[in-house]
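Numbering (our numbering), first residue to last: 2 to 711. Report on one structure; see the data block that follows.
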C-alpha cells in the first residue's frame, strides 16, 4: 500500500504539472485572443465611416455621370466655329461685292462724266452764226465742239445706275445678315459659357460633399496635363481671373471685322471646355477608385466584426477553461499534499522489505502511472474538443431556440385562425371538416367560377354605383314640364342657329378682310423694302452709313472733283518746287470724322506728309498758282465749249526768291504760248524788267494814270 501511495503521489504530481502547463498555455491563448480582439476593434473603428463614405462616393459618381451627360449636351465649340467660318465667308463675299460695287460706281461716274462732256457737242449741233449760245450767249462760234464717239447714251446711264443701286442693296442686306449672325454668335457663345459655369458650380457643390476627394482633385491633373484650379472649388466658385476676363470680353460690343478676336474667344472657350471635360474625367476616375476603396473597407469592417464576435465567443470558452484548469490544479495539489502525508505516516509503520520486492513494486507503479497519464492526456484532449463543440452547439441551440419560439408563435396564431374558420363553417374542431374537402380539380374549377362571378359582380356594382350617383338626386319629371322645356330648347336652338348664320356671315367678312390685309401687308413689305433702300441712299447721301466715311453726298461730289483738281495741279507744282512738293487729299483718321476737302502736302525731301500751313510764303504762292491752273484745266475739261483764255494773278511774287521766280515765270510763259492770256498784277522790279507788254499804273496828285509800255 505504501508503494501504491507513492505511485499515486507521482501520478497526481504529474497531473498537477500538466494542468499547470495547460493553464499557462490557456492564459497565453487568452492573451493572444484579447490582443487580436483589440486589433480588430481598432481596425473596425478605423473603418467606422466606410458606409457613409460609400454613400457619398455613390452620390458623387451619379452626379459626375449627370454632369458628363450635361457636358455632352451643351452647345459645342465646333458649332460656334462653323458659324465663325460662315461669318468669314460672308465677309469675303461682302468684300467681293463691295469691289464690284466700287467698280460699278466708278463706271457710272466715268460714264456720267463722258455724258456731261458730250453735252457741249450735242448743243453745238444746234448752233448757227448770229444765234446766241445757250451757255455763254455769244453769237459768234469760231470753235464748235464735236460729238464724242465713246460717249454713253442716257439709257446706258440708267442701266449703270440700276446696276449700282442693285449692288448697293445687296451690300446693305449682306451687312444686316452679317450683323445679325455676329450677334447670334455672341449670344450662343455667352450661352455656352453660362452652361459651363453652371456645370462647374454643380461640380464644385458635389465635390464639397466629398471632402476626402477634394485634395486628390486639387493635386490631380486633367487629360491635358493641367491642374485643377482651386478657385473653382467651394468658396470661390468660378471666380478665376481668366474666366471673368473671358466673360467680360464676350459681353463686349461685337466687332464684325474682328476675326482674330473671335478666334481668340473660341480658343479660350475651347480650352475652358476641354479643361472642364478633363476635370470631370479625372474626378470620375478618382470617384470610381474611391468607391471601390470604400466598398473594400466596408466589406473588411463586416468581416472584422464577424471575426470579433467569433473571438469573443472563443475568449469566453478559454476563460471558462481557465477556471476549470485552476480548479483542477488546486485539487491535484491538495491530493498530492494529502498523499505525501499518508506516505510519511505509513513509512514510519512499515518494516523492512527486500530490495527485489521494492523494485518490482516500483516498476509496476511506474507503468501504472504511465498508462494513467496517457489516459488522462487523451481524456483532456477529448474534453477540450467537446468544450469547443459544446460552445458551438450552445450558440446554435440559442439560435434554434429563438427560431423555434418564433415558429411556435406562428403555429399558434395559424391554429387559432384555422379553428375560428372551421367553427365559422359549422364544423367541430375534432372532425368533420377534412371529409368536406373537395378534390383538387373540382376545387380549382370552383375557384375559377367564383373568380369569374366575383369579377362580374364587381363590374355590375361599378355600373350600379355610377348609375346611382348619376340619378341619386334625380326626380321624375312631369310630361307637361318636359314638353315646355322642349319648346324652350327649340327656341334656344332656333336662336343659336340664327346666331350661327350671323357668325358665318361675319366669318366671311373677316376672311375677306384678311385677304385685303394680306394684300396690304404685301404692299407694306414692298414699301418697307423701298423705304429701306431710300433710307440706305439717304444715309449714303447724308454721310450716316455705318462703316463708311461720315461725309455728305454733296461733299463727296466736291471731294471727287477736288481730287481731279489736285491731280492737274500737281503736274505744275512738281515743276515749280523742283519735285519737292505734291498736294495730297487728306484721309480722315477714322470713319467718324466728317471731312472731304482736307488738303495736305507731301514733302519728298523728308518723305512725310505735313499740313499746308507749314509752307513758306513763296511755297504757298506756288501751291495756290498750281491750284488755280488745275482748276481752270478741270473746268475746261468738264464744261464742253467753255475755255478760260485769260488768267489774272494778283500779287504774291514778292514772296519768291530769284530761283522760284524764274521757274514761275517759265511756267507762265508756257501758258501764254498755249494761246492763253496771262495778266500779272505786281510791283516786283524783276517782273517789270522781263515782262512785255506792260500796263503801268502811276499815282499822281490829280489821280492815277495808266499807259502801255512795250
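We treat Cβ as the ideally placed atom computed from N, Cα and C, and that holds for glycine. Only a predicted model underlies this, so the values are computations on that prediction, with no experimental measurement involved.
Asked	Found
Can you tell me where the beta strand (DSSP E) holding residue 604 begins and where it ends?	600-604
Have a look at 95, 309 and 163 and flag the residue whose alpha-carbon is nearest the alpha-carbon of residue 42.	309
Compute the beta-carbon to beta-carbon distance between residue 1 and residue 299, rounded to the nearest angstrom, for a pair I have assumed lies under 8 Å.	Only positions 2 to 711 of the chain appear in the structure, and residue 1 is not among them; the question remains open.
Under 7 Å from any heavy atom of the ligand MN, does the C-beta of residue 281 make it?	Absence of the ligand MN is noted for the structure shown, with no ligands found whatsoever.
Assuming the contact rule is C-beta atoms closer than 8 Å, residue 175 and residue 72 should be a hit. Round their C-beta distance to whole Å, please.	Not quite, the Cβ-Cβ distance comes to about 36 Å (not below 8 Å), so this is no contact.
Would you list the one or two residues that DSSP bridges to residue 663?	For residue 663, which the question treats as bridged, DSSP gives no partner whatsoever.
For residue 468, which three-state DSSP category applies?	helix
Run through DSSP, which three-state label would residue 651 get?	strand
Tell me whether residue 418 is buried or exposed, calling it buried when 16 or more other Cβ atoms sit within 10 Å of its Cβ.	exposed
Using only alpha-carbon positions, find the residue among 122, 145, 86 and 45 that is nearest to residue 1.	As shown, the chain starts at 2 and ends at 711. That puts residue 1 outside it, with no answer to give.
Under 8 Å by Cβ, that's how I've got residue 697 and residue 705 pegged, so tell me the actual separation to the nearest angstrom.	The pair is not a contact, with the Cβ atoms about 10 Å apart (cut-off 8 Å).
Please determine, among 393, 206 and 127, the residue with the shortest C-alpha to C-alpha distance to residue 64.	206
Could you give the DSSP three-state label for residue 609: helix, strand or coil?	strand
Using the Cα positions of residue 222 and residue 272, report the straight-line distance between them to the nearest angstrom.	Here the model assigns residue 222 a pLDDT of 46, short of 50, so the residue's position is not dependable, and the following value carries that caveat. Near 14 Å, if we compare the C-alpha coordinates of residue 272 and residue 222.
Assuming residue 200 and residue 277 make a contact with CB atoms under 8 Å, what is their CB distance in whole Å?	7 Å
Return the CA-CA distance between residue 414 and residue 478, expressed in angstroms with no decimal places.	59 Å
Decide yes or no for the touch test of the region 176-185 against the region 20-40: beta carbon pairs closer than 8 Å, at least 3 of them.	no
Using CA atoms only, rank isn't needed, just tell me which of 465, 598, 703 and 130 is closest to residue 556.	598
Between residue 316 and the rest of its own chain, which residues show a CB-CB distance below 8 Å, the 5 nearest in sequence each way excluded?	31, 34, 35 and 38
Report the three-state DSSP secondary structure of residue 49 (helix, strand or coil).	coil
By how many angstroms is the C-alpha of residue 58 removed from the C-alpha of residue 70?	18 Å
Taking C-alpha atoms, which residue in 612, 22, 578 and 708 lies nearest to residue 715?	Residue numbering for the chain in the displayed model covers 2 to 711; residue 715 lies beyond these limits and cannot be assessed.
For the structure I just gave you, are there three or more beta carbon pairs, one from the region 623-636 and one from the region 569-578, closer than 8 Å?	yes
Pick out whichever of 169, 28 and 161 has its Cα sitting closest to the Cα of residue 324.	28
What do you get for residue 552, buried or exposed, if any count of 16 or more other CB atoms within 10 angstroms of its CB means buried?	buried
Measure the alpha-carbon distance for residue 79 versus residue 186 and round it to whole angstroms.	12 Å
To the nearest angstrom, report how far apart residue 409 and residue 18 are at their CA atoms.	51 Å
Please name the residue, chosen from 84, 306 and 191, that lies closest to residue 260 on a Cα-to-Cα basis.	84
Where does residue 709 land, buried or exposed, given buried means 16+ other C-beta within 10 angstroms?	exposed
Just checking my contact of residue 112 with residue 181 at CB under 8 Å: how many whole Å lie between their CB atoms?	Actually they are not in contact, since the Cβ atoms of residue 112 and residue 181 sit about 35 Å apart, beyond 8 Å.
Rounded to a whole number of angstroms, what is the C-alpha to C-alpha distance between residue 443 and residue 454?	16 Å
Could you tell me which residues DSSP pairs with residue 708 in its beta bridges?	697
According to DSSP, which residues form a beta bridge with residue 281?	Note: residue 281 sits in no beta bridge, so no partner.
For residue 680, name the three-state secondary structure that DSSP assigns.	strand
So within the region 482-523, which uninterrupted beta strand (DSSP E) runs reach at least 3 residues, ignoring any that extend past its ends?	none
In angstroms, rounded to a whole number, what distance separates the CA positions of residue 312 and residue 280?	46 Å
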